[in-house]
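Encoded as structure tokens, the structure appears first; notes follow it.
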Amino acid sequence: MKKLSTVLLAVLSALFSHAQAVLNEIYANPSASNQEFFELYNASVDLNPISVDGYTLISYFENNREQGFYVLDLPNVLVANKGYFVGSSAIPFSYQGNNNVTKSNFNWNDPVFRSGATGGYLKKWYQSTANLADGNPYYDEEVLPLTFNDFFSKRSGSGASYNAFLYKNGVLVNSFVGGTGGNTFIPTFITNMPALKIETINNGLAVSYEVNYTSYSTGVAEYVIQDIGSDNGYMRESDGFCGTWNKSSSQAFHTPQETNGSNQLPQGSSSSLNIDAHISRGTNGNPSFIVYNVTSGTSSLFPVQLFAYIDNGTVVGQWDANDVFLTSNVENVVTDGPFSISFTPVDQQIILIAQTSQGCFDQLQVVPNPVAGTVLPLSLKSFSGRKKEASYFLEWVTLNNELASSFELEQSLNGLLFKQIGTISATLKQGEENYYYPVPLSDAASYRLKVIKKDRSFYYSNVLRSNQSNSSDKISELQNPVTSSLLRFVFNATETGKHTVFIYNSSGLKMINEYHTLQKGNNTITMELDSKMPAGMYLLEVTNGREKYLKRFVKY
């Protein structure tokens, strides 16, 4: 029952942080006497609550006379770790035979909310150019009645009947389309809409953003193919888990502010990522360590953030508040791993959580800690390289080496096409073993290792570049975090000539590229950051076409 579309939409990627809410339920088609509601789930891995201040929910509408968007900026309300936030068109509200329900955090028709006193608003923007003074050149605003009960307006015709787009500080962090009829793409009637300017109220301050719908034509959204009838909607079958959306019915009920099922994928669902993870138990006073890696997955799911917890909480085998956080890593691309970390007590198992660019959980994996004598899988503890005189030494460490057959070294001159340059047979040593292989030093080469097991199966290591100099030696005096519209830093160029400076957001989207003619030695570079760049993590890259140097920074 996997329901993640294969369309690519990097702008739907969340700014990777530990605190994020995702859509969890949408009661989109209430019967005549019932009221709409939606539910967000706090998919944060932090124990602290998050605020939905700065979150904005947008839904497309279309009828015989107009089309546009409903924009609902959420009030300043805290949501507990693994908790729920519900908004409804009335309090109390009714749904699916449940009457006078009060499990809602706010009523979007409440005059106090409509006044803006709680840090949010509800607006209707329809496509029109009659009023150019409202800040939206392609839309005009229409005041909605205090009985508005059609935020998730059903659209007739082909394409998705329902839709919802959730933003955090102007960045699209989660999206859903329902009733697609088999079409898994975000419909063209949305992607053809002109840009919409919205405001989000955060800490009492209004910040403006522009939503560019044309970029959604190459994106990812969660979806359900089936349409819904009256008194129904859509919901995840497991809180916060990707691909678990289903339609509600007389047999599948909505549960506002209650769990839909947690800590696992429902039966019949499958993960979109393949993750290899195993533990090597420590002996003789040494700690245990876990090695883990995303080995495959659709590029639209990246970057993927991996969280590791020691499973010593309230319930063994379940992720709960008392499990001890161990570490987190980001795989921007599938070749970034593997990762490893040591831990104690040596007999604990590990809970591994994978969170995709959509903000939802692809899987939660309990990694068992084997007892002595258990046969463990062959894996790489590390794969690295070091320069020595005119050579570049490829070095790797295996675990459970007795399962290895051989290792093939592969080289690429463009980072894409690899060819085999050498083979080493595995030794007979059991347990951990060290290997190395010297190659001529090349300024433009990338390397990877093909690990071949005795059963003839194989996998690839992460990719190394022989010219990965210490970027911190080349990029210096970078203000971090950046608190103004200007980015200044010093770059130590190895030669005089043209260099290109790129800035990428945390989803890998290229935000800025500039050309600079630099002199050999230190150069002070000043760049003006785009006003549309929201707060978050960014990657600075300086390259001369052969070498590249990277450094991360945070923009406030």
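For the sequence shown, the positions run -19 to -1, 1 to 537 when mature numbering (1 follows the signal peptide of the UniProt record, and there is no 0) is used.
All residues carry an ideal CB built from backbone N, CA and C; glycine is no exception.
From a predicted model like this one, the values you see are computed outputs, not experimental measurements.
Separation of residue j from residue i, as counted between CA atoms
i                : j                 : result
threonine 524    : lysine 501        : 14 Å
glutamate 528    : tyrosine 273      : 29 Å
asparagine 44    : asparagine 62     : 39 Å
isoleucine 433   : serine 70         : 59 Å
serine 134       : phenylalanine 42  : 6 Å
serine 452       : threonine 477     : Note that serine 452 has pLDDT 49, beneath the 50 cutoff, so the model's placement of it is unreliable and no number is given.
residue 541      : serine 25         : With the chain covering -19 to 537 only, the question about residue 541 has no answer from this structure.
proline 118      : aspartate 91      : 29 Å
serine 277       : asparagine 80     : 46 Å
isoleucine 493   : lysine 536        : 14 Å
glycine 412      : glutamate 370     : 31 Å
asparagine 303   : valine 297        : 10 Å
tyrosine 102     : phenylalanine 87  : 11 Å
lysine 479       : glycine 526       : 9 Å
proline 515      : valine 67         : 26 Å
threonine 161    : glycine 35        : 29 Å
glutamine 238    : alanine 98        : 24 Å
phenylalanine 19 : leucine 4         : 8 Å
isoleucine 182   : isoleucine 31     : 16 Å
arginine 367     : phenylalanine 374 : 5 Å
lysine 532       : glycine 78        : 56 Å
Per-residue burial, residue i [other beta carbons within 10 Å of its own, 16 or more giving buried]
i                 : result
asparagine 46     : Note on identity: in this sequence residue 46 is arginine, with asparagine being the wrong assignment. Its Cβ having fewer than 16 others within 10 Å, arginine 46 is exposed.
leucine 153       : buried
threonine 464     : exposed
serine 360        : buried
threonine 195     : exposed
asparagine 503    : exposed
tyrosine 51       : buried
phenylalanine 320 : buried
tyrosine 417      : exposed
proline 496       : At residue 496 the sequence reads tyrosine, which differs from the proline that was named. Per the 10 Å Cβ criterion, exposed.
glutamine 329     : buried
serine 281        : buried
Extent of the continuous beta strand (DSSP E) run through residue i
i                 : result
phenylalanine 374 : 372 to 380
alanine 52        : Residue identity check: residue 52 is valine in the sequence provided, not alanine. It spans 48 to 54 - the beta strand (DSSP E) in which valine 52 sits, taken as one unbroken run.
threonine 404     : 400 to 406
isoleucine 433    : 427 to 434
arginine 533      : 529 to 536
arginine 367      : 360 to 369
residue 584       : Limits of the chain in this structure are -19 at one end and 537 at the other, which puts residue 584 out of reach.
alanine 474       : 467 to 474
proline 421       : 414 to 421
serine 211        : Here serine 211 belongs to no beta strand (DSSP E), and DSSP marks it neither H nor E.
threonine 524     : 517 to 524
glycine 159       : 152 to 159
glutamate 180     : 177 to 183
Three-state secondary structure assigned by DSSP to residue i
i                 : result
valine 305        : strand
lysine 455        : helix
glutamate 383     : helix
phenylalanine 42  : strand
leucine 21        : strand
leucine 333       : strand
serine 280        : helix
arginine 317      : Looking at the sequence itself, residue 317 is aspartate, so the reference to arginine does not match. Correct three-state label for aspartate 317: helix.
threonine 498     : strand
serine 196        : helix
phenylalanine 222 : strand
glutamate 131     : Checking the sequence, you will find aspartate at residue 131 rather than glutamate. In the structure shown, aspartate 131 sits in coil (DSSP, three-state: anything other than H, G, I, E or B).
tryptophan 89     : coil
phenylalanine 234 : coil
phenylalanine 81  : A small correction: the amino acid at residue 81 is asparagine; phenylalanine does not occupy that position in the sequence shown. The answer is strand: DSSP assigns asparagine 81 an E or B state.
arginine 217      : strand
Spatial neighbours of residue i in its chain, beta-carbon cut-off 6 Å, leaving aside the 5 residues before and after
i             : result
alanine 29    : According to the sequence shown, residue 29 is asparagine rather than alanine. If we look at asparagine 29 and ignore the five residues flanking it on each side, it has no Cβ neighbours.
serine 363    : Val378
alanine 202   : Ser(-15), Ser156, Val158 and Ile167
leucine 38    : Leu53 and Leu147
serine 427    : Ser393, Gly396, Val444 and Arg446
aspartate 257 : Asn274 and Thr276
aspartate 343 : Cys223, Ser252, Ser253, Leu254, Ala335 and Thr337
alanine 353   : Only weak support exists for where alanine 353 lies, its pLDDT of 48 falling under 50; the value from the coordinates is given anyway. Here the set comprises nothing.
leucine 55    : Val33, Tyr36 and Gly101
Contacts around residue i, its chain only, beta-carbon distance under 8 Å, and the 5 residues preceding and following it disregarded
i             : result
glutamine 248 : With a pLDDT of 48 at glutamine 248, under the threshold of 50, the modelled position of that residue is not reliable, and the figure given next carries that caveat. Excluding residues within five positions, none has a Cβ falling inside 8 Å.
Residue i - containing alpha helix (DSSP H), residue span
i                 : result
arginine 95       : 92 to 95
threonine 481     : Here threonine 481 belongs to no alpha helix (DSSP H); instead the beta strand (DSSP E) covers 478 to 486.
phenylalanine 170 : 169 to 172
7 Å Cβ shell around residue i - same chain, five flanking residues per side excluded
i           : result
proline 261 : Contrary to the premise, residue 261 reads as serine rather than proline in this sequence. Once the five neighbours on either side are set aside, the close Cβ partners of serine 261 are Ser269, Phe270, Leu357 and Leu380.
serine 142  : Lys135, Arg136, Gly159, Gly160 and Asp208
serine 12   : Ser211 and Asp212
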